[in-house]
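First up is the structure itself, then whatever we jot down about it.
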Amino acid sequence: MTYVVTEACVRCKYTDCVDVCPVDCFREGPNFLVIDPEECIDCTLCVAECPVEAIYAEDDVPPGQEAYIELNAELSKHPNWIPIIEKKDPLPDHADWANVKDKLQYLDRNDS
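Quick note: the sequence shown uses the numbering used here, first residue 207, plus one each step.
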């Protein structure tokens with residue numbers, strides 16, 4: 207089992223979680239983080255660090271957010287999504303987006 211970053215992270219991108227990851231399994235996109243399932247060692251340290259509760263065990267992803275399991279796996283291999291190993295400031299308008307629902311449409315995949 208691996209851990210998955212879900213909808214709450216979209217357009218917030220808090221990075222508290224990356225500071226505690228012992229294997230550097232987080233990848234950073236323009237407005238979202240993902241966990242590389244091949245790197246994650248299921249340590250659970252990142253879960254408690256996320257201020258918007260965006261990280262779940264794969265088996266516990268909330269109903270309706272199951273697509274994020276595959277999305278984490280896919281984007282963690284995307285050439286434009288690079289490893290992130292140090293905490294950064296969240297996005298400037300993170301507070302405006304922290305409690306918004308149905309944010310998948312706003313996820314920037316950085317495909318260009």
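All C-beta atoms, glycine included, are put in the ideal place defined by N, C-alpha and C. No experiment lies behind these values; they were computed from the predicted model shown.
- prompt: Are the Cβ atoms of Y220 and P268 separated by less than 8 angstroms?
  reply: no
query: Just the Cα atoms here: how many angstroms apart are F232 and D317?
result: 18 angstroms
query: Of the choices G270, G235 and A279, whose alpha-carbon is the least far from that of T208?
result: A279
field: Secondary structure of I247, DSSP reduced to three states
entry: coil
field: Inter-residue spacing [alpha-carbon to alpha-carbon] between E259 and V253
entry: 7 angstroms
task: With a threshold of 16 other CB atoms inside 10 Å of the CB of G270, please say whether the residue is buried or exposed.
output: exposed
Cα-Cα separation between T212 and I275, rounded to whole angstroms: 8 angstroms
Cβ-Cβ distance between K293 and R217 below 8 angstroms: no
field: Segment limits, beta strand (DSSP E) that includes V240
entry: L239 to I241
message: In chain order, what are the residue ranges of uninterrupted beta strand (DSSP E) at least 3 long that sit wholly in the segment 208-239?
response: 209-211 and 232-234
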